[in-house]
Every structure is written in C-alpha cells, then in structure tokens.
Amino acid sequence: MSENKRTLLFGIGNCGRADDGLGWAFLDEIERNLPSNFDIEYRYQLQVEDAEIAQNYDTIIFIDAHIATFDSGFEWKICIPKASDTYTSHELNPETILHLTKTIYNKQPTAFTLGITGVNYELALGLSSVASNNLTKALDYFNKNILNLITAK
11 MSENKRTLLF GIGNCGRADD GLGWAFLDEI ERNLPSNFDI EYRYQLQVED AEIAQNYDTI
71 IFIDAHIATF DSGFEWKICI PKASDTYTSH ELNPETILHL TKTIYNKQPT AFTLGITGVN
131 YELALGLSSV ASNNLTKALD YFNKNILNLI TAK
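As structure tokens, then:
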C-alpha cells in the first residue's frame, strides 16, 4: 500500500437507463481531477465480491442515482456497516458491503454515500436535464468540500 491513504470511488448504475447512469457519469467527470491514491470502479450493482476489493482501501465512496428529491440535488452521508436482511447476495447495498468487509476481512474503511437525484429511469441513453444539473452540483460539492479533506487525511 502506498504512503498516501487509498480511496475508492464505486460508481453504481446503468448508463442505458437514463438517470440511473449518474454514478458512472460522476466517475467519468471526476476521474481527471483525482490524485493518484484514488481508484474508481464502475458497477451495475454491488455484489459480495466487492467486499474483497473494499478491504484494500482506507476510504470508500459509493455514488449512485437516487429517486428521492434532495433540496441540494444530492445527499452526502456517512455509510455505516449493517448486515443485510435480504434473501439474495445478487444485489447488495453499500452498508452490507461494509458489513461483509468487516466480518470477513476484519477491515473497516471509512465510507460515505453520495446519492444524486434522478427523475428518468427508462431505457434511454443520456441524463435528463434535472439529473445533469444535480450531477453538476454534486461534482462542485465534491471538488470544493470533499476531495481536499480526503486527500489531507
């Protein structure tokens, strides 16, 4: 592991379903501004295997589209490990990935979620104007408030 704390950005979504591609669009836009100790992963959905990847990082940020309407167009919050009560391991939430990382690998990275409001989830390429505007707001917030904090750790 490098001297710098390592950070992973998980972009979750599907760019073939309009605004569901917000997680991927965020990664596409932010990648060129990231320091070398940041890695990115594109996912249609989180799965058990992602816990193995997560164990190698100090900080993890899960970015995904959200159906909730946030006043700012996005929501940034801490992500706490939590066991899943679902019957399948095919699709997992970020909290479950962190729980598995802690349980299986005895690692507990600091983690956050960034939910970006979308409005169109139909089969289509490209983001709606609402989602594009919210993506811009989320990117601005991340670049001004989060990137420096994580890099300074």
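Here the sequence shown stands for residues 11 to 163, where the numbers follow my numbering. Glycine included, every Cβ here is placed at the ideal spot set by N, Cα and C. Quick caveat, the model's predicted, so the values are computed rather than measured.
To which residues of the same chain is residue i closer than 7 Å at the C-beta, ignoring the five residues directly before and after it?
i      : result
Ile160 : Thr17, Thr69
Phe122 : Ile71, Trp86, Lys87, Ile88, Cys89
Asn24  : Asp30, Gly31, Tyr54
Leu110 : Val58, Ala61
Leaving aside the five residues before and after residue i along the sequence, list all residues of the same chain whose C-beta is less than 8 Å from its C-beta, in chain order.
i     : result
Arg27 : Tyr131, Glu132, Leu133, Ala134
Ser82 : Lys147, Tyr151
Measuring only the C-alpha atoms, how far is residue i from residue j?
i      : j      : result
Leu32  : Ile114 : 30 Å
Asn47  : Tyr67  : 10 Å
Leu108 : Ala78  : 23 Å
Ile40  : Gln65  : 23 Å
Ile73  : Ile22  : 6 Å
Phe84  : Leu149 : 10 Å
Ile50  : Ala93  : 24 Å
Leu145 : Thr120 : 23 Å
Phe36  : Lys15  : 21 Å
Could you name the residues of the same chain whose beta carbon sits closer than 6 Å to that of residue i, not counting the 5 residues immediately before and after it, in chain order?
i      : result
Met11  : Legend: pLDDT at Met11 = 36, less than 50; position of this residue unreliable, no value from coordinates given.
Gly128 : Asp29, Leu32, Ala75, Ala141
Lys112 : Pro91, Gln118
Glu101 : Gln55
Could you work out which residue in the options is closest to residue i when comparing CA atoms only?
i      : options                      : result
Glu105 : Ile77, Leu56, Gly128, Ala141 : Leu56
Asn158 : Asp95, Leu44, Phe36, Ser139  : Leu44
Gly125 : Asn103, Thr96, Ser94, Gln65  : Asn103
Leu137 : Phe80, Ile63, Trp34          : Trp34
Following the continuous alpha helix (DSSP H) through residue i, name the residue where it begins and the one where it ends.
i      : result
Thr146 : 139-151
Asp74  : Here Asp74 belongs to no alpha helix (DSSP H); instead the beta strand (DSSP E) covers 69-76.
Ile40  : 32-40
Specify, as a first and last residue, the run of the beta strand (DSSP E) that residue i falls within.
i     : result
Ala64 : Unbroken run through Ala64 is the alpha helix (DSSP H), 60-64; no beta strand (DSSP E).
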